[in-house]
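Participant:
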DNA sequence: ATGGTGGATTTTCCA
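In this note's numbering, the protein residues as written are 2 to 256.
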């Protein structure tokens, strides 16, 4: 089984790149973030023609998450069940075969100290509660998506420049560590101990060609999934060429 | 250069 996560920054703008990715990498499951459209605007047909089922939890203009899968998508949960949080479409859970997927687009937070930053930290606390109550950690659980948080300084191209900045602050990392404390490990680090691997490069600073990346897209796994995981790779080819997203996909292989 | 680019929708928000 190949499971991918990718912040596509608009599924409609990125459709040619997504179709090329499905063809080239043949993932069994893809968790998408920032689809940026209502469910009825989701370009289902070309994706279904490549053999995928689709579950989507979208909204107009912002946010939006979706799961694509070659097998039947079951037990879908849209949002975390909190009316205020679920005004933003950021969480979509489903089971595919023996995998439980929790697909996340975590709040960005704008800048350290901003109102949205405090919302981000509190949101992560409520996510932990959601996992506690709604997800069975004895299953092969993959909590994945755009976390908008680096786990440690190895995930940062220039740790001093980013010290205590948004996406890298201690409080964000502690809030993520609390989520991981539910029983999740970073599958990427099972195979790559060294720094220098990134998944997002800011459009605004033309960061990709300068190598100014951060690793903020993660595949966090319960013990059963982590044990079954045989590889994790970042698909840099999807970050080059015509109209790329600002994020690269990450793909995990499970036995 | 507290800038820059990109997407959706609009005359700006968000990243």
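Every residue, glycine too, gets a C-beta built ideally from N, C-alpha and C. Here the structure is a predicted model, which is why all the values come from computation and not from measurement.
Quick check: what's the CA-CA separation for residue 76 versus residue 97?
Facilitator: Rounded to the nearest angstrom, the two C-alpha atoms are 9 angstroms apart.
Participant: Roughly how many whole angstroms lie between the Cα atoms of residue 30 and residue 17?
Facilitator: Approximately 18 angstroms between the Cα atoms of the pair.
Participant: Could you tell me the alpha carbon to alpha carbon distance between residue 202 and residue 114, rounded to whole angstroms?
Facilitator: Residue 202 and residue 114: Cα-Cα distance of roughly 23 angstroms.
Participant: Consider the C-beta atom of residue 210 and the heavy atoms of the ligand SAH; say whether any pair is separated by less than 7 angstroms.
Facilitator: For the structure depicted, the ligand SAH is absent and the ligand set is empty, with no information on it obtainable.
Participant: Which of the three DSSP states, helix, strand or coil, is assigned to residue 58?
Facilitator: Here residue 58 sits in strand by DSSP.
Participant: If you compare alpha carbons, which of 65, 27 and 7 is closest to residue 72?
Facilitator: That would be 27, whose Cα lies nearest to the Cα of residue 72.
Participant: Would you mind reading off the limits of the alpha helix (DSSP H) that contains residue 48?
Facilitator: It spans 45 to 50 - the alpha helix (DSSP H) in which residue 48 sits, taken as one unbroken run.
Participant: Pick out whichever of 107, 93 and 108 has its Cα sitting closest to the Cα of residue 101.
Facilitator: The shortest C-alpha separation from residue 101 is found at 93.
Participant: Does the segment 193 to 212 touch the segment 133 to 145, meaning 3 or more C-beta pairs lie closer than 8 angstroms?
Facilitator: Short answer: they don't touch.
Participant: Please return the same chain residues whose Cβ sits closer than 7 angstroms to the Cβ of residue 168, not counting the five positions on each side in sequence.
Facilitator: Here the set comprises 149, 150, 151, 215 and 217.
Participant: Quick one: Cα of residue 237 to Cα of residue 134, how far?
Facilitator: C-alpha separation (whole angstroms): 36 angstroms.
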